[in-house]
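Residue numbers (this note's numbering), protein chains in the order written: chain A, 22 to 358; chain B, 79 to 695. Positions of the beta carbon are idealized from the N, C-alpha and C atoms, including for glycine. What follows is a set of notes on a single structure, which appears directly below.
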Amino acid sequence: METTVDNKYTFKDFASDQEVRWCPGCDDYVILRAMQKALPEMGVKKEDVVFISGIGCSSRFPYYMDTYGMHSIHGRAPAIATGTKLANPDLSVWVITGDGDSMAIGGNHFIHALRRNVDLNIVLFNNEIYGLTKGQFSPTSLVGQKTKSSPYGNTQPPFSAGELAIGAQARFFARIGGNTPKEMTQIFIESEKFKGTSLIEVLQNCPIFNDGCYDEFTDKAVREDRQLYVEHGKPMIFGKEKDKGLVLNGLKLEVVTIGEDGVTEEDILVHDAKEQDPTLHQMLVRLHYPKVTGIIRSFDDVTLEERKNDQIEQVKSNSKFSVTDDLFFSGDIYEVE
Amino acid sequence: MTTTQIKHHPETLEAVIIRFVGDSGDGMQLTGTQFSDTSAMFGNDIATFPNYPAEIRAPQGSLYGVSGFQVHIGSVEISTPGDEVDLLVAMNPAGLKTNLHAVKPGHTIIVDTDAFTKKNLEKAQYESNPLEDGSLDNYRVIEVTMTSLTKEALKDVEGLDNKSITRSKNMFALGMVYWMYDRSTDHTIEFFKKKFQSKPALIEANTKVLNTGYYFAETLELIPNAYAIAPAKMEAGTYRIIMGNTATAWGFLAASEKCGLDLFLGSYPITPASDILHELAKHQHFGVKTFQAEDEIAGITSAIGASFGGNLALTTTSGPGLALKGEALGLAMMIEMPLVVVNVQRGGPSTGLPTKTEQSDLLQTLYGRNGESPVIVIAASTPANCFDFAYEAAKLTLEHMTPVVLLTDGYIANGSAPWKIKSVKDMPEIKSKIIREAKENWHPYDRDDTTLARFWAIPGTPGLEHRVGGLEKDRVSGNVSYVPDNHEYMVNIRAEKIKRVQDAIPELKPEFVDSGDLLVVGWGGTYGSIYSAVKHVTEEGVDTIGLAHFNYINPLPKNTLDVLKRFKKVLVCELNNGQFAKVLKQHFDIEILQFNKIQGLPFGNEELVQKFKQLVK
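The structure is reproduced here in structure tokens:
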């Protein structure tokens, strides 16, 4: 719920007194700071903010936020958060999860939360590895990836978080590199504004067990050439020289160079995040070059709590029962003397 | 041979047990419910027990597709649906075959002879027709061509298809039984008018068939006498007939209204608990939020989330579902949040016997979690007191800030009985631990000195922002702590918190006698069966037998050992392999005798009576 808040918070107001215990150099620090910076910009009251996490490195997050929070059990945070949001739709409810937490042990809750469109913000820390259990492959690890539990290479093909999410009816999907805090902060703010389940996949580097897994498109040196940061209503152009763009060739996206073969900026596809049909969003999610980041999908739809509360109000207004006595003493009752 | 105190004078019976059986599509549950409701309104005490197959529509005429509904009505106190029946109404050969053993010799069987075709006899695995081969000579068999008579009665009613015509034959049977037991057809006719409001043809047809059955019984010489059962002597008041699962649902509605917190149910469908979800889903007008989750785990975790958000939160399930909820229940215990889990027990292990009753989840409920994780466990013992114990579960969880598991079972959950209606205004106060204001030096794990319950700060309250979680907490600040002494301290304090619930629950009061030779011990849904059997033995002149029935399992009532020690022998009767007996042995160093039954069925009167007599000799 958007509430106007008179006293302007700063990021410090959202930092708890607990010592942060992630490994040095972990992108989790970037995410934490981006969140603490984003919250004062959201116009929500501090006491209305709730962080609910599962298990894993990412899930320590709530301890570091000076808000209401629950560090729950493995994979269940989306279900817990759904209960919290239904109990009190005025809260700003955030789910903090990782790739194993959300797509392995908690896969069921993850897809159902997306399907239902509860107004939650799910931040998925995807590092393509199990960190807290010290380095086993995760459901997003690549085939062939050598890990503690796959010494000869991973044999299980990975999930793509975005494809899975959009396939599960996600209305909002954003992807952002773990080393781009400014854009990340903005995406957090946008996801809070969005009514419905927002999924933000952070491509988070694990410096200990999977270091450099995203370097080919997040490294500063190549980022601009290898990443396309999409924005609704803007042409999908990328590259250091802003000369590369996406066009649709038949049923496939194709990278073209502006100025070559008669291609002009006019020919480049304009990003429409609000389109209901997810076909193009799925294609953007799947692209390997360029890696698409930013808000890929943001389709406005009715939320679960809106549906539920409307129904409750309607039932209330048509009901002959206002207190339980009305129900208990209704229908086939009889007197014994 | 007889199981209740029935005098065999046909015109004046104190109590009678009737069982309606047929195909699962024959409407036996409806027939039984109508008869029991009508009898209750007449003033009888009643107890009912539906017995139906797990298959929704099993192949017609098959032995495993038989659906039954038993009703016990009386002018005396009725505690159970009874075991041996006085009247069996069998709509087909399979029903007769699977239920004949329950009919008292010499008693009455009504059959629809139209259903005794060669095909149906084969399906029921009869080698010869029991109506012709003399195998029913020991019974009074009333043969009625029920299907043909029903068709005949309806030949002039327009707008009916063949299926609707054949389906209404159960009302013919009901009409006959109404006449036999001197019951009015009014209630059922009113029921048709409501149920078929938009289908006048069905109102006309069902009413016609019901009356035809009634007049058929009146005029036919096959039925020698009408039996009368006078109203029972019951406490004055306003009553209704209630099923255990409905009573459970209503207990939570009452608690929600009393404590002023909205009710939230997170649940996944499972037999025999789903009716609680169905019932609560109807009552959104009270602000109830029911959430049908993606699985059992989401059922409980959404409830934990709702509790965190400030609702009175509940999850409902049965045995296998409780197994799935184990980890989450541990979380609720660890973060010391209010949460009620209802486990409507069924036959286990694994998928077991989903539609049958058992008490075999007791140890799972008490101990089925990782770590030292005690929770409050209570058990309802009759269909009507499911209301009281649901209310009690809500009260205990809100006042003690720890999860409560309420155990019921398929037998009392599906059974129905008269309920003297309770108003919320007469229910005890519920004092939740909610705090609305930040006091200086506040910590999330500050505790009430008496109960050791922590205080409850709900998101949305300024100044009380805090984190909870499954990791061990520092005893004061609630921050994560791995300090060895602190962990032991916290384990002990969570256990002590449960122990102190003893001060909030009633003492155990033995019934019949306070001390003597034999104390019969039961818990949960077996109360009716055990009570009837102890009463039976007492009425035969034994005055040294007492009954101690437990509704509070963890913690046990304070005076439990005192009560047990006042008797020479203690016999624990339960529908499992001795789980409560194990619990008592673990707590108290005394000899415990056991009587166990694990057949998916309630105790029979006869087996209990025999056992008791053997032990009081």
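Counting only Cβ-Cβ distances below 9 Å, D122(A) has no contacts in chain B at all, with the closest Cβ about 13 Å away. Going by beta carbons, I73(A) and V116(A) fall inside the 7 Å limit. Ranked by Cα distance from K273(A), the options A294(A), L301(A), V291(A), R328(A) are led by L301(A). S380(B) reaches chain A at A100, I101, T103, G104, L107, counting residues in chain order whose Cβ is nearer than 8 Å. Within chain A, the C-beta atoms nearer than 8 Å to that of A376(B) come from R97, A100, T103, N129, H130, H133, in chain order. Setting aside the 5 residues that flank it on each side, I96(B) is surrounded in the same chain by V149, L165, each with a C-beta closer than 6 Å to its C-beta; the list follows chain order. Nearest Cα to P172(A) within the set F158(A), P179(A), S181(A): F158(A). Neighbours of S340(A) in chain B, taken as residues whose beta carbon is under 7 Å from its own, are H363 in chain order. Closest in alpha carbon position to Y310(A), among H292(A), S212(A), P99(A), Y235(A), is Y235(A). By a beta-carbon distance limit of 8 Å, K643(B) does not contact I623(B). Their separation comes to about 16 Å. M119(B) reaches chain A at D353, Y355, counting residues in chain order whose Cβ is nearer than 8 Å. Nearest neighbour of I499(B) by Cα position, chosen from T435(B), F628(B), A462(B), L407(B), turns out to be A462(B). For M479(B), the closest C-alpha among the options K182(B), P633(B), P416(B), V366(B) is that of P416(B).
Within the segment 45 to 64 of chain A, not one residue has a Cβ closer than 8 Å to any Cβ of chain B. When rounded, the separation of the alpha-carbon atoms in G344(B) and G538(B) is 22 Å. Burial is judged here by how many other beta carbons sit within 10 angstroms of a residue's own beta carbon; Y84(A) has at least 16 and is buried. Here A118(B) carries a helix assignment [DSSP, helix/strand/coil]. Shown here for N323(B): same chain residues with a beta carbon closer than 6 Å to its own, the five before and five after excluded, namely D353, I354, A491 in chain order. Near chain A, meaning a CB-to-CB distance below 9 Å, the residues of the segment 540 to 561 of chain B are P540, G541, L542, E543, H544, R545, V546, G547, G548, L549, N557, V558. Scanning chain A for C-beta atoms nearer than 7 Å to the C-beta of A384(B) yields G104, T105, L107, A108, reported in chain order.
In the three-state DSSP reduction, V648(B) falls in the strand class (E or B).
Residue pairing by DSSP places A168(B) opposite V99(B), V189(B) in a beta bridge. Interface flag for G90(A) against chain B is set, since a Cβ pair is found closer than 7 Å. Shown in chain order are the members of the segment 328 to 359 of chain B whose Cβ falls below 8 Å from a Cβ of chain A: W328, L331, A332, E335, D340, F342, G344.
Beta-bridge annotation (DSSP): E356(A) is paired with T316(B).
Three or more pairs of CB atoms, one per stretch, sit closer than 8 Å, so the segment 210 to 226 of chain A contacts the segment 38 to 51 of chain A. In this structure, the CA atom of S593(B) is about 16 Å from the CA atom of G619(B). Counting only residues of its own chain and dropping the five nearest sequence neighbours on each side, G408(B) has a CB closer than 7 Å to the CB of R447, N448, G449, S451. Ranking V455(B), L227(B), K575(B) by CA distance to the CA of S246(B) puts L227(B) first.
Close CB contacts of C78(A) within its chain, under the 6 Å cut and outside five residues either way in sequence, are with G152, L153 (chain order). Considering only R318(B), D104(B), Y142(B), the residue with the shortest C-alpha distance to F250(B) is D104(B). A Cβ-Cβ distance of about 11 Å is found for the pair V222(B) and I187(B), leaving them out of contact under the 8 Å criterion. If you check the CB distance, D487(B) and Q580(B) do not come in under 7 Å. One thing to note: G397(B) has its Cβ no nearer than 7 Å to the Cβ of D340(B). For Y292(B), the three-state secondary structure derived from DSSP is helix. No Cβ-Cβ contact shorter than 7 Å links A406(B) with F342(B).
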